[in-house]
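Student: Dropping the structure in here first, questions after.
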Amino acid sequence: MEGMENREDLKSMLPFLPLLLGSSNLFWPSQVVKSLETLSKGPLYSKVDSGELLFDAISHIRDSLALPSLQPVAPFAHGGYALFFDELISRAEASKWFEEVVPALANLLLRLPSLLESHYQDADYLFNGVRTGLRLLGSQEAGIVFLGQELVAALLTCAFFCLFPVSDRGSKRLPTINFDHLFEDIYDEGYRKKQENKIKCIMHYFERICSSMPEGFVSFERKVLPLEQLPLCVSYPEADFWSKSVVSLCPFEVHSSGFIEDQSNGALEVDFANKYLGGGALRSGCLQEEIRFMINPELIAGMLFLPCMEDNEAIEIVGAERFSNYTGYASSFCFSGDHVDKRNVDGFRRCKTRIVAIDALCRAGMRQYKCTYLLREANKAFCGFLDQSNCDHHKSLFQDGGSQGSQCMETDKDTNVVVKDFPMDEAPSTSVEIAMNRGEYINQVIGYSDKKGSWCLDLEDKIGIATGNWGCGAFGGDPELKTMIQWLAASQAARRSVSYYALGIKSLQNLNQVSQWILSHEWTVGDLWNMLVEYSSRRFNKETNLGFFAWLLPTLFAHDAKMSNLTSTP
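When we follow the UniProt record's numbering, the leftmost residue of the sequence shown carries the number 1, and every step to the right adds one.
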């Protein structure tokens with residue numbers, strides 16, 4: 001087994017971890033160990049029984065680390081911890097926290113070095129030849145990291161104690177990770193209610209894991225559509241690829257109520273992401289992505305080691321358990337109690353919650369109607385929805401049309417690449433899982449390994465996409481355009497169906513009629529793409545100011561307008 005000091009994956013993470021590396025092991029400085037042992041004995045011994053004293057203890061631990069890259073915490077974080085624990089929650093809740101949760105978290109931090117060592121030891125054997133160890137998974141580096149839920153909990157505890165070094169994170173384009181800004185923003189009266197409730201979700205997670213530690217895994221995968229042409233994978237498509245596609249559009253189901261996270265069909269759930277994973281989750285943000293990170297806090301662990309996404313990248317996370325219920329949105333967001341996640345686990349002991357983060361065009365405006373940006377959005381969604389390594393499942397997508405700018409794996413007798421056959425109605429949930437079932441696997445496919453896979457996976461029914469108004473809020477996207485783009489991307493990626501949660505957007509009130517009309521006319525992906533290009537050109541050149549649906553089906557919308565006028569006439 002490779003020594004800790006020689007591990008390249010660990011070396012990439014050391015600048016971003018608060019631990020020290022000896023000749024063969026990870027460890028806390030001795031003074032930190034003493035402080036954590038004191039906290040672990042409870043408030044009668046540590047005297048930490050308030051938010052103010054808790055932050056003092058956190059500050060003492062941070063000082064004991066003596067890391068030059070730690071940097072000061074946010075200026076008002078101290079007051080935020082005091083405000084939350086000493087004023088915003090009940091005395092009974094606070095007592096439980098300081099008597100039970102804080103000691104348990106201190107013990108968890110004491111175990112962090114051994115948890116990480118075990119993680120790296122197991123990473124060598126989890127899948128023979130597939131790199132799964134915690135590492136900086138940088139831009140254009142397709143790969144996967146498997147973390148045990150207990151290790152995730154320890155990493156999130158580090159974030160709560162603000163122990164992660166941050167000075168080098170900006171240069172690596174990494175998101176915020178410590179919780180100091182989360183607590184600091186509670187001081188702003190405009191943010192207080194939602195910020196208080198965001199923190200309540202996180203605190204509830206800590207209460208749950210301290211009473212019963214989950215024993216599964218969470219995987220974090222960076223997915224990449226390579227910009228260069230590679231013989232063994234799907235590359236970043238050009239517009240001609242979409243224009244010539246003869247793939248049929250998949251079924252499309254519109255939901256006028258409900259939420260993506262409540263779907264029960266095992267679908268891949270879309271995170272309307274910021275290019276920096278998590279967006280404002282650990283600051284004052286409280287939109288779709290941030291809320292998801294609060295109710296499924298294990299998602300936050302990805303913010304530690306996943307730099308921002310480029311246009312040809314997406315991030316897929318499988319296994320993040322949900323712990324909280326909520327009501328409201330943005331300023332009205334409110335924690336509403338415990339959620340027991342009853343989803344089954346897969347063969348890798350991950351909860352069957354599959355989330356894909358794709359970042360839409362920001363400040364879309366009129367430029368979203370230019371072909372360059374239509375292509376960007378279609379390829380972004382396609383990257384997120386595609387099982388890159390499942391060639392047999394996608395062969396038909398590239399043989400009959402749309403091959404320019406994209407290639408697919410084939411069995412190559414000269415290089416002995418063996419592609420696993422999957423029935424057309426079955427597919428694994430992530431790209432790497434297929435690789436684990438192959439005899440040999442070429443690095444350039446998705447950059448995982450050329451070694452022989454060893455673990456078998458449980459084949460799953462081919463899963464669909466659960467999505468909604470991606471990029472249509474703060475990012476300013478056109479809901480009608482974004483809906484169609486996601487549909488054609490899901491269809492091209494051979495997804496079973498799209499479940500679309502419209503959430504009352506007025507411009508989508510005829511979405512079901514439009515989608516059913518398109519399906520009844522048996523449009524292909526190419527047909528829909530070409531119609532979007534034509535409409536967008538007219539919209540950009542100010543030849544029409546109609547929405548896509550009204551432009552496409554003027555007779556339908558004229559009839560609706562007439563009926564509306566009739567019903568509103570006295």
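We put the CB at the ideal spot given by N, CA and C, even for glycine.
1. Contact check, F272 vs G3 under 8 Å by CB: the rounded distance?
2. In this structure, how does DSSP classify A474 when only helix, strand and coil are distinguished?
3. Buried or exposed for L115, please, with buried defined as at least 16 other CB atoms from any protein chain shown within 10 angstroms of its CB.
4. Helix, strand or coil for I89 per DSSP?
5. Can you list, in chain order, the residues of its chain with a C-beta nearer than 8 Å to that of D168? Leave out the 5 residues immediately preceding and following it.
6. Taking A123 and G133 to be in contact with their CB atoms under 8 Å, please state how far apart those CB atoms are, rounded to whole angstroms.
7. Which value, in whole angstroms, describes the spacing of the CA atoms of S497 and F557?
8. For I291, I'd like the list of residues in its chain whose CB is within less than 8 Å of its CB, leaving aside the five on either flank, ordered along the chain.
9. Which residues in the same chain as E228 place their Cβ atom closer than 8 Å to its Cβ, once the five residues preceding and following it in sequence are excluded?
10. Taking the DSSP output, what are the residues bridged to V466?
11. Between E117, N541 and E221, which has its C-alpha nearest F27's C-alpha?
12. For F326, which of helix, strand or coil comes out of DSSP?
13. How big is the Cα-Cα spacing for W97 and E207?
14. Quick check on T555: does DSSP put it in helix, strand or coil?
15. Determine the DSSP secondary structure at K506, reduced to helix, strand or coil.
16. Does the distance from the CB of S536 to the CB of L361 come in under 7 Å?
17. May I have a chain-ordered list of the alpha helix (DSSP H) segments no shorter than 4 residues that lie completely inside the stretch 16–82?
18. Tell me where the alpha helix (DSSP H) around I518 begins and ends.
19. Please report the straight-line C-alpha distance between S12 and E5, rounded to a whole angstrom.
20. Along the chain, where does the alpha helix (DSSP H) that runs through C158 open and close?
21. For S549, which residues of its own chain have a beta-carbon under 6 Å away from its beta-carbon, when the five flanking residues on both sides are left out?
22. Does the beta-carbon of T176 have 16 or more other beta-carbons within 10 angstroms, so that it is buried, or is it exposed?
23. For a minimum of 4 consecutive residues, which ranges assigned as the alpha helix (DSSP H) are wholly contained in the stretch 270–298?
24. Should D9 go down as buried or exposed, given a rule of 16 or more other Cβ atoms within 10 Å for buried?
25. Based on Cα-Cα distance, which residue from H181, F76, P29 and A301 lies nearest to G148?
26. How is A94 classed by DSSP in three states: helix, strand or coil?
27. Indicate whether A466 and I260 have their beta-carbon atoms separated by less than 7 Å.
28. Can you list, in chain order, the residues of its chain whose CB lies under 6 Å from that of E100, leaving out five sequence neighbours each side?
29. By how many angstroms is the C-alpha of C162 removed from the C-alpha of F76?
30. Is the number of C-beta pairs between the stretch 306–324 and the stretch 379–387 that are closer than 8 Å three or more?
31. Below 8 Å CB to CB, which residues in the same chain sit around V258 once its five sequence neighbours on both sides are set aside?
32. Verify whether the separation of the beta carbon atoms of Q65 and P18 is less than 7 Å.
33. Indicate the three-state DSSP secondary structure (helix, strand or coil) for F493 in the structure shown.
34. From what residue to what residue does the alpha helix (DSSP H) around D122 run?
Tutor: Let me lay it out:
1. As a position in the sequence shown, residue 272 is number 272, starting the count at 1. As a position in the sequence shown, residue 3 is number 3, starting the count at 1. The beta-carbon distance between F272 and G3, rounded to whole angstroms, is 43 Å. This is too long to meet the 8 Å contact definition.
2. Translated into the one-based positions of the sequence shown, residue 474 becomes position 474. Residue state, collapsed to three classes: coil.
3. The residue you call residue 115 lines up with position 115 of the sequence shown. By the 10 Å Cβ count, L115 comes out buried.
4. Counted from its first residue, the sequence shown places residue 89 at position 89. Looking at I89 - three-state DSSP - the assignment turns out to be coil, as it is neither helix nor strand.
5. For this step, residue 168 is matched to residue 168 along the sequence shown. Excluding sequence positions up to five before and after D168, its CB lies within less than 8 Å of the CB of P15, F16 and S69, all in the same chain and listed in chain order.
6. Within the sequence shown, the letter at position 123 stands for residue 123. Within the sequence shown, the letter at position 133 stands for residue 133. Confirmed, about 4 Å.
7. For the purposes of this step, residue 497 is taken as residue 497 along the sequence shown, with counting starting at 1. For the purposes of this step, residue 557 is taken as residue 557 along the sequence shown, with counting starting at 1. Their backbone Cα atoms lie some 26 Å apart in a straight line.
8. Taking the sequence shown and counting its residues from 1, the one referred to as residue 291 is at position 291. Annotation for I291: Y326, Y329 and F333 place their beta carbon closer than 8 Å to its own, counting only its chain and skipping 5 residues before and after.
9. Locating residue 228 in the sequence shown gives position 228, counting from the first residue. The residues are S235.
10. Counting from 1 along the sequence shown, the entry for residue 466 is found at position 466. According to the sequence displayed, residue 466 carries Ala and not Val. BP columns for A466 point to E269 and S499.
11. Taking the first residue of the sequence shown as position 1, residue 27 is located at position 27. Here the closest residue by C-alpha is E117.
12. Translated into the one-based positions of the sequence shown, residue 326 becomes position 326. In the sequence under discussion, the amino acid at residue 326 is Tyr, which differs from the Phe named in the question. Strand at Y326.
13. Looking up residue 97 in the sequence shown gives position 97. Looking up residue 207 in the sequence shown gives position 207. Approximately 8 Å between the Cα atoms of the pair.
14. Within the sequence shown, numbered from 1, the residue matching residue 555 stands at position 555. Per DSSP, reduced to three states, the secondary structure at T555 is helical.
15. As a first step, residue 506 must be located in the sequence shown, where it is residue number 506. K506: helix per DSSP, three-state reduction.
16. Looking up residue 536 in the sequence shown gives position 536. Looking up residue 361 in the sequence shown gives position 361. In this structure, L361 does not lie closer than 7 Å to S536 by Cβ.
17. Whole alpha helix (DSSP H) segments, 4+ residues: 30–40, 43–46 and 51–65.
18. Walking along the sequence shown from the start, residue 518 turns up at place 518. Boundaries of the alpha helix (DSSP H) around I518: L511 to S520.
19. If you number the sequence shown from 1, residue 12 lands on position 12. If you number the sequence shown from 1, residue 5 lands on position 5. Roughly 11 Å separates the two Cα atoms.
20. Start at 1 with the first residue of the sequence shown, and residue 158 comes out as number 158. Looking at the DSSP string, the run of the alpha helix (DSSP H) that includes C158 is Q149 to F160.
21. Start at 1 with the first residue of the sequence shown, and residue 549 comes out as number 549. It is Phe, not Ser, that sits at residue 549 in the sequence shown. Contacts found: E480, N510 and V514.
22. Here residue 176 corresponds to residue number 176 of the sequence shown, with the count starting at 1. T176 should be labelled buried.
23. With a minimum length of 4 residues, the continuous alpha helix (DSSP H) runs that stay inside the stretch 270–298 are 288–295.
24. By 1-based counting over the sequence shown, the position of residue 9 is 9. Buried, by the Cβ-count rule.
25. For this step, residue 148 is matched to residue 148 along the sequence shown. Out of H181, F76, P29 and A301, A301 has the C-alpha closest to the C-alpha of G148.
26. Translated into the one-based positions of the sequence shown, residue 94 becomes position 94. Three-state DSSP puts A94 in a helix.
27. Counting from 1 along the sequence shown, the entry for residue 466 is found at position 466. Counting from 1 along the sequence shown, the entry for residue 260 is found at position 260. At a Cβ-Cβ threshold of 7 Å, A466 and I260 count as neighbours.
28. On the sequence shown, position 100 is the one that residue 100 refers to. Excluding the 5 residues flanking it on each side, E100 has no same chain C-beta neighbour closer than 6 Å.
29. For the purposes of this step, residue 76 is taken as residue 76 along the sequence shown, with counting starting at 1. For the purposes of this step, residue 162 is taken as residue 162 along the sequence shown, with counting starting at 1. Roughly 13 Å separates the two Cα atoms.
30. Contact check between the stretch 306–324 and the stretch 379–387: three or more CB pairs, one atom from each, fall below 8 Å, which counts as touching.
31. For the purposes of this step, residue 258 is identified with residue 258 of the sequence shown, where counting begins at 1. Per the sequence shown, residue 258 should be read as Gly rather than Val. So the list reads Y501, once near-sequence residues are dropped.
32. Looking up residue 65 in the sequence shown gives position 65. Looking up residue 18 in the sequence shown gives position 18. A small fix is needed here, since residue 65 is Leu in this sequence, not Gln. Yes, they are a contact pair.
33. The residue given as residue 493 occupies position 493 in the sequence shown. According to the sequence as given, residue 493 is Ala; it is not Phe. DSSP places A493 in coil when its eight states are reduced to three.
34. On the sequence shown, residue 122 is found 122 positions in, with the first residue counted as 1. Element bounds for D122: V102 to A123.
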